[in-house]
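Chains as they are written, first to last, in the working numbering: chain A, 1 to 139; chain B, 140 to 388. The beta-carbon is built from N, C-alpha and C at its ideal position, and this holds for glycine as well. All of these numbers come straight from a predicted model, not from anything done at the bench. First up is the structure itself, then whatever we jot down about it.
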Amino acid sequence: MLGDKRPNATGPGTVVGANVKLVGTLQDASDITIHGRIEGEVISNQSINVTETAYIKGPISADIVNIAGKVRGSITATGKLEIMPTGKVFGSITSKDVSIKSGAIFVGKCTMPEGEKEEAEEKTIEETPQNKETTYEVE
Amino acid sequence: MYYYILAPQKGKAYIRQEKIKDILGDLGIAGETVSPSPARTIEELTHLGVIKGYSTIVAVGPEGLANKVITVLASQKTAKNVVLGIIPDNFDSVIAQKIGVKDLYSACNALKERRLETMDICQIEPNKFFLTEAIVESFRNQEVYFSIDNLKGKVMVNRIVIKPGLEIFFHDKSLEGSTPSRFFRWLFGKKQVDIFSSNFRTKRVRLESQNNLPVKVSGEIVAKMPVTINNRSRILKIIVARDKIKTKN
Numbered sequence: 001m002l003g004d005k006r007p008n009a010t011g012p013g014t015v016v017g018a019n020v021k022l023v024g025t026l027q028d029a030s031d032i033t034i035h036g037r038i039e040g041e042v043i044s045n046q047s048i049n050v051t052e053t054a055y056i057k058g059p060i061s062a063d064i065v066n067i068a069g070k071v072r073g074s075i076t077a078t079g080k081l082e083i084m085p086t087g088k089v090f091g092s093i094t095s096k097d098v099s100i101k102s103g104a105i106f107v108g109k110c111t112m113p114e115g116e117k118e119e120a121e122e123k124t125i126e127e128t129p130q131n132k133e134t135t136y137e138v139e
Numbered sequence: 140m141y142y143y144i145l146a147p148q149k150g151k152a153y154i155r156q157e158k159i160k161d162i163l164g165d166l167g168i169a170g171e172t173v174s175p176s177p178a179r180t181i182e183e184l185t186h187l188g189v190i191k192g193y194s195t196i197v198a199v200g201p202e203g204l205a206n207k208v209i210t211v212l213a214s215q216k217t218a219k220n221v222v223l224g225i226i227p228d229n230f231d232s233v234i235a236q237k238i239g240v241k242d243l244y245s246a247c248n249a250l251k252e253r254r255l256e257t258m259d260i261c262q263i264e265p266n267k268f269f270l271t272e273a274i275v276e277s278f279r280n281q282e283v284y285f286s287i288d289n290l291k292g293k294v295m296v297n298r299i300v301i302k303p304g305l306e307i308f309f310h311d312k313s314l315e316g317s318t319p320s321r322f323f324r325w326l327f328g329k330k331q332v333d334i335f336s337s338n339f340r341t342k343r344v345r346l347e348s349q350n351n352l353p354v355k356v357s358g359e360i361v362a363k364m365p366v367t368i369n370n371r372s373r374i375l376k377i378i379v380a381r382d383k384i385k386t387k388n
């Protein structure tokens, strides 16, 4: 629901059709599926699915983000971020679980905030305590 | 006390109305029955029912009648505590599904059992309300501009459906492909993902188009674009069937 910040929203969520052009902030508590074109921020408490026909110019923030279309802007996924073979991302991505499929285009900085994984790794590999983030750059 | 507004009927439908009156009498919930005429519109009769102090106003007939009664109940402060009952004439209709009635007997029984549910309704500014759905349709697809909260959009559509809650569906049928291509897809069992439909939920939407497309509720034109539609959350008390499956609205 746009502008609705209820955490446990149900229903099909927001769907932006291929023939839609939006300007502004698209915010929904439930899932968002985008087939169309958006210039602005896209925020969801659950998942955002950017399909092959979609183009987004602006930041994306959600729990699970799935990119098969084109995105120009930063992406923050608290859960999982997946860039499909048809996906094109130009901007920084932040997620603790990133998957970039073969064929995908990614130009930007990837930040993976470490949580439990780091703690597990710390037991085996000695690390300096200041390095709490791993940064990858692919261009 | 119950106040029944019956749609004027002739022939078979008249017999049906007599049957309804009999059932209501048997259930012990008979009340004053009125029908609209050229002298008294549905809105005037509803207003009269409110003034007379009836606690329950029942719309007996098509969706259009119920929506007109709702318009009066929602726009009058004095009608705040008045409960709406509905006996639809089509039990496959959206309104029948909303209140969870399957036939005449269940609709009349629901009135007797009087289980209340507060529902969302939509307001087409300035003063039209509806419980079912509003439809904007055109033969050829049109460019429609819409604004939702801090979001502005443009869409090519030939059908827009607005439902209480405020759910908005945009659909452009022309982009689905030609009839032969759809036939071949059907023939070879190829399923095409519908990427041309849009679905939004909000509290307020403004719709504009170059042509003043009509907004229809229950087949009747109630407004023309540009229109602003609001969701009025939980303002209408409606009698629903006891065994109705609880929905969001």
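Less than 8 Å between C-beta atoms, sequence neighbours within five positions excluded: which residues of the same chain meet that for residue i?
i: residue 254(B); result: 378, 379, 380, 381, 383
i: residue 213(B); result: 260, 262, 268, 371, 374, 375
i: residue 247(B); result: 159, 162, 163, 166, 168, 226
i: residue 281(B); result: 295, 296, 297, 348, 349, 350, 352
i: residue 233(B); result: 202, 271, 272
Excluding the 5 residues flanking residue i on each side, which residues of the same chain have their C-beta closer than 6 Å to its C-beta?
i: residue 74(A); result: 59, 91, 92
i: residue 94(A); result: 76, 111
i: residue 366(B); result: 263, 346, 354
i: residue 337(B); result: 309
Report yes or no: is there a C-beta of chain A within less than 8 Å of the C-beta of residue i?
i: residue 289(B); result: yes
i: residue 292(B); result: yes
i: residue 268(B); result: no
Go ahead and pull the three-state DSSP assignment for residue i.
i: residue 221(B); result: coil
i: residue 35(A); result: coil
i: residue 161(B); result: helix
i: residue 8(A); result: Since pLDDT at residue 8(A) reaches only 39, below the 50 mark, its modelled position is unreliable, and no value is offered.
i: residue 86(A); result: coil
i: residue 215(B); result: coil
i: residue 324(B); result: helix
i: residue 262(B); result: strand
i: residue 350(B); result: coil
i: residue 200(B); result: strand
i: residue 3(A); result: The predicted position of residue 3(A) is uncertain, since its pLDDT is 43 and thus under 50; a value taken from the coordinates is nonetheless stated next. Coil at residue 3(A), not helix or strand.
i: residue 45(A); result: coil
i: residue 188(B); result: helix
i: residue 240(B); result: coil
i: residue 62(A); result: strand
i: residue 101(A); result: coil
i: residue 179(B); result: coil
i: residue 145(B); result: strand
i: residue 286(B); result: strand
i: residue 114(A); result: coil
i: residue 174(B); result: coil
Quick check on residue i - is its C-beta less than 8 Å from some C-beta in chain B?
i: residue 25(A); result: yes
i: residue 81(A); result: no
i: residue 77(A); result: no
For a contact defined as C-beta to C-beta under 8 Å, what are the partners of residue i on chain A?
i: residue 295(B); result: 19
So residue i contacts chain D; which residues on that side make the cut at Cβ distance below 8 Å?
i: residue 311(B); result: Absence of chain D from the displayed structure is noted, the protein chains being A and B.
With a threshold of 7 Å on Cβ separation, who are the neighbours of residue i within its own chain once the five nearest residues in sequence on each side are excluded?
i: residue 291(B); result: none
i: residue 340(B); result: 304, 305, 306
i: residue 17(A); result: 35, 36
Beta carbon of residue i: closer than 7 Å to some heavy atom of the ligand MG?
i: residue 335(B); result: No copy of the ligand MG occurs in the structure displayed, which carries no ligand at all.
Three-pair Cβ contact test at 8 Å for the region 324 to 340 of chain B versus the region 261 to 278 of chain B: Because the criterion of three Cβ pairs below 8 Å is not met, the region 324 to 340 of chain B and the region 261 to 278 of chain B do not touch.
Three CB pairs or more closer than 8 Å across the region 47 to 62 of chain A and the region 29 to 38 of chain A: yes
Any 3 or more C-beta pairs closer than 8 Å across the region 214 to 225 of chain B and the region 185 to 203 of chain B: Result yes; three or more Cβ-Cβ pairs closer than 8 Å.
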